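One structure is given below, encoded as structure tokens.
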Ligand SMILES: *Cc1c(COP(=O)(O)O)cnc(C)c1O
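Numbering (our numbering), first residue to last: 10 to 496.
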């Protein structure tokens, strides 16, 4: 496919600016000649219809959950009901400005206030900040709160964050962004935190433990209460990575497990479309004793029933995002939670777990499943049984595209060799899951009978197999030639 720059036809853009009625300026005087461009801007020129066709064509290359099943583990690509979009584009929400006086945006403030309360209720926490724009930023804010808490207690020597070896890559990255050192905790043969290893690594230099429960293998940390007690006893705090709350929402609460700080990804669990860069919301919540450290400002309900901001919080870690977060995402999450109700939230969770176990059970007939036990919302399989035919997880993932499915997450978590991580989510029907299982069975058969077919997949796409690392190693971020050079 050609780039816009290559489709450039000089003079085809018929848009004209209206003739202005402002006085002429002396350009020499306004801008020194040394700052003048010597060449034209090189912006492509296309007629409106050609531009529309270009972007429509591009959209056909993309794949989203509205096209088909997207079982990308750890990413919760659930279907996002359109009513959420409807709510977010209501003019009273979409056309307001963050600098408007609070008394003119009471509805928006009430929505944010209510949303943070609902999130706190779902997690067993006291209070949430909606500011962070993504899960990783929620982690950063949460870790800043941990640091501020220890500083407040004159306990700044605590500069270690413990993180299990199965953790999402953002966890160690966020810890190091905030200035902590990371100490890794081993997983045991059951895929859970190794308690002996944890004990040996706790000490008065440990600021806290970051945990995902269920972990990235989709397994519930059954020792969570003991883990929480151990960490608290040694003076550390417990951070819950709740990017994917689908596994427990409405049933179990991180607050009840002993976690002090959590973040959720509204763009995964609470039905905001994601992938491709946002916008998202990595809301961060805390127990009461950490409330003073939450980002500024908080949204408060005043004694007279109106809503406003509170910036007067001296212990706050400060602002982590311009204004109050990605408000549109908050509207979608609010609508999602309200339209399901707490009963529906629980049901979504149960269905997500049921779907994952149904899939796991059926895939176990053809694929190796290293921790083959009751899982939560996702599970990890491998390509071990297909290795004898020269097949890797990558090949199976690519072949799935030919069947109209998005591949699972592969090569994560890092502790599983040739991992394929499946998360069907609650929004797939049994019929859809059966079709998917049939495709996976067909691929397993092809691996045995015609491995070349799998190794060279995908065959049905415009772009065939791409170099997995070139885009990251040698990014080309700019069209090499100005289009003015070409015409
Ligand atoms: C997605 C995810 C994150 C990071 O969220 P972003 O919004 O992509 O920054 C962190 N932890 C887990 C477990 C996740 O699945």
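Beta carbons are placed, not taken as given, at the ideal position from N, Cα and C, and that holds for glycine.
Computed from a prediction, not measured in an experiment: that's the story for all the values here.
Check	Outcome
Do you know how far the Cα of residue 386 is from the Cα of residue 184?	26 Å
Please report the Cβ distance between residue 88 and residue 436, rounded to the nearest whole angstrom; I am assuming they are in contact, meaning their Cβ atoms lie under 8 Å.	4 Å
Just to confirm the assignment, what range does the alpha helix (DSSP H) spanning residue 430 have?	That residue, residue 430, is in no alpha helix (DSSP H); its beta strand (DSSP E) goes 428 to 431.
I want to know whether the region 257 to 266 touches the region 309 to 321 - three or more CB-CB distances under 8 Å.	no
For residue 197, which of 224, 460, 190 and 177 has the nearest alpha-carbon?	224
Looking at residue 486 and residue 452, is the spacing between their C-beta atoms short of 9 Å?	no
Near residue 378, what residues of its chain come up, given a Cβ to Cβ distance below 8 Å and the 5 sequence neighbours on each side ignored?	369, 372, 388, 389, 390 and 391
Between the C-alpha atoms of residue 28 and residue 36, what's the straight-line distance to the nearest angstrom?	18 Å
Rounded C-beta distance between residue 21 and residue 55? I'm assuming under 8 Å.	6 Å
Using only Cβ atoms and a threshold of 7 Å, which residues come within that distance of a heavy atom of ligand 1? Order them by chain position.	83, 84, 143, 144, 145, 146, 148, 177, 179, 180, 221, 225, 250, 252, 253, 274, 276, 277, 289 and 291
If you draw a straight line from the C-alpha of residue 157 to the C-alpha of residue 252, how long is it?	23 Å
Taking C-beta to C-beta, are residue 270 and residue 299 nearer than 9 Å?	yes
My guess is that residue 206 and residue 195 are in contact by the Cβ rule of under 8 Å, so how many angstroms apart are they, rounded?	4 Å
Expressed to the nearest angstrom, what Euclidean distance is found between the alpha-carbon atoms of residue 458 and residue 125?	54 Å
Counting only runs of 4+ residues fully inside the region 160 to 211, write out the alpha helix (DSSP H) ranges in chain order.	179 to 186 and 204 to 210
Restricting to Cα atoms, I'd like to know which of 328, 227, 237 and 222 is closest to residue 208.	237
Residue 344 lies in the alpha helix (DSSP H); which residues open and close that run?	336 to 372
Just checking my contact of residue 136 with residue 215 at CB under 8 Å: how many whole Å lie between their CB atoms?	That belief does not hold up - the Cβ atoms of residue 136 and residue 215 are roughly 25 Å apart, past 8 Å.
Measure the CB-CB distance between residue 7 and residue 334 and report whether it falls below 9 Å.	Lying before the first or after the last residue shown, residue 7 is absent from the chain, which here runs from 10 to 496.
Name the two residues that bound the continuous beta strand (DSSP E) containing residue 249.	246 to 251
Along the chain, where does the alpha helix (DSSP H) containing residue 108 start, and where does it finish?	Neither: residue 108 is in no alpha helix (DSSP H) and is coded neither H nor E.
Check whether the Cβ of residue 37 lies closer than 8 Å to any heavy atom of ligand 2, and answer yes or no.	Absence of ligand 2 from the depicted structure is noted, with ligand 1 being the only ligands included.
Which residues share a DSSP beta bridge with residue 317?	309
Is the region 92 to 102 close to the region 336 to 350, with three or more CB pairs under 8 Å?	yes
Should residue 175 be labelled buried (16 or more other beta-carbon atoms within 10 Å of its own) or exposed?	buried
Give the single residue among 49, 115 and 393 whose Cα lies nearest to the Cα of residue 315.	115
For a test of the three-state rule: what should DSSP assign to residue 377, helix, strand or coil?	strand
In the DSSP output, what is residue 136 paired with across the bridge?	295
So residue 391 is in the beta strand (DSSP E); what residue range does that whole segment cover?	388 to 391
Taking the C-alpha atoms as reference points, what is the distance between residue 200 and residue 222?	12 Å
Is it the case that the region 75 to 86 contacts the region 415 to 433, given that we only count it when at least three CB pairs across the two stretches are under 8 Å?	yes
Would you say residue 249 and residue 96 are within 9 Å of each other, going by their C-beta atoms?	no
Tell me the residue span of the beta strand (DSSP E) that contains residue 216.	215 to 220
Starting from residue 270, trace the beta strand (DSSP E) in both directions and tell me its first and last residue.	270 to 273
With 16 as the cutoff for other CB atoms within 10 Å, does residue 325 come out buried or exposed?	buried
Taking Cβ to Cβ, would you say residue 295 is nearer than 9 Å to residue 141?	no
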